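Trainee: For the record, in the sequence shown the residue sitting at position 72 is 71 according to numbering that gives the first Met the number 0, with numbers rising by one throughout.
From the three backbone atoms N, C-alpha and C, an ideal C-beta is built for every residue, glycine too.
It should be emphasised that the depicted structure is a prediction, and the values quoted were computed from it without experimental measurement.
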Amino acid sequence: MNELIIVRYIHFISFMVVFAMVFAESRLVHENMTRAELRRVFKIDGIYGLFALIVVGAGLYLWFGIGKPAEYYSNNPIFWTKVILFLVVGTLSIWPTMFFFKERKGHSDEPVIVPRRLRFIIRVELTLLVIIPLLAALMAQGVGL
Numbered sequence: 000m001n002e003l004i005i006v007r008y009i010h011f012i013s014f015m016v017v018f019a020m021v022f023a024e025s026r027l028v029h030e031n032m033t034r035a036e037l038r039r040v041f042k043i044d045g046i047y048g049l050f051a052l053i054v055v056g057a058g059l060y061l062w063f064g065i066g067k068p069a070e071y072y073s074n075n076p077i078f079w080t081k082v083i084l085f086l087v088v089g090t091l092s093i094w095p096t097m098f099f100f101k102e103r104k105g106h107s108d109e110p111v112i113v114p115r116r117l118r119f120i121i122r123v124e125l126t127l128l129v130i131i132p133l134l135a136a137l138m139a140q141g142v143g144l
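#1: Could you please give the first and the last residue of the uninterrupted alpha helix (DSSP H) stretch that includes residue 110?
#2: Report yes if the C-beta of residue 119 is less than 6 angstroms from at least one heavy atom of the ligand GTP; otherwise report no.
#3: Nearest to residue 40 by CA position, among 124, 134, 98, is which residue?
#4: Who does residue 33 pair with in a DSSP beta bridge?
#5: Could you give the first and the last residue of the continuous alpha helix (DSSP H) run that contains residue 87?
#6: Would you call the CB atoms of residue 75 and residue 143 closer than 7 angstroms?
#7: Nearest-angstrom Cα distance between residue 138 and residue 122?
#8: What is the DSSP secondary structure of residue 68, reduced to helix, strand or coil?
#9: Taking the alpha carbon of residue 125 as the reference point, which residue from 35, 19, 27 has its own alpha carbon closest?
#10: Would the stretch 103–117 and the stretch 43–51 be scored as touching if the rule is three or more Cβ pairs under 8 angstroms?
#11: If the criterion is Cβ atoms closer than 7 angstroms, does the pair residue 10 and residue 45 meet it?
Written as structure tokens, this is what we have:
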């Protein structure tokens, strides 16, 4: 297998893990949680963060290192839309991550009220992540060039 295929595969699989972790968060986070439940979500959020970094690293390598020339991506508005959406998702995830980090400490059975806005943010993240593969498919067909 050549390097390009391996890096693309890592990029795709890592994105799938990111999506799966945000989906898991959307299903597991509810208004009333225990600290033990919140700790589990915090671990999921950590996996999400790690794989988001892998998506970015592999994406940058695809953009500037191997495959098509950088201009192919740089001059494509669909590509920039995809990048901006991923950055928006990453930015939105800061508050939930900080909340999970702060609220995980304490007795396992202690209740935690999760703000409605935080749950809404996770759903927005998930919705935006659903759009990114569509944009990738459009790019693969040469749309935006």
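Mentor: This is what the structure gives:
#1: No alpha helix (DSSP H) holds residue 110; the beta strand (DSSP E) holding it covers 110–112.
#2: The ligand GTP is not among the ligands present in this structure, which contains no ligands whatsoever.
#3: Here the closest residue by C-alpha is 98.
#4: Within the DSSP bridge table, the entry for residue 33 names 110 as partners.
#5: Residue 87: member of the alpha helix (DSSP H) spanning 76–91, first to last residue.
#6: In this structure, residue 75 lies near residue 143, with their beta-carbon atoms less than 7 angstroms apart.
#7: The straight-line gap from Cα to Cα measures roughly 25 angstroms.
#8: Reduced to three states, the DSSP call for residue 68 is coil.
#9: When 35, 19, 27 are compared, the shortest CA-CA separation from residue 125 is found for 19.
#10: In short, these stretches do not touch, since the Cβ pair count stays below three.
#11: Not closer than 7 angstroms, so no.
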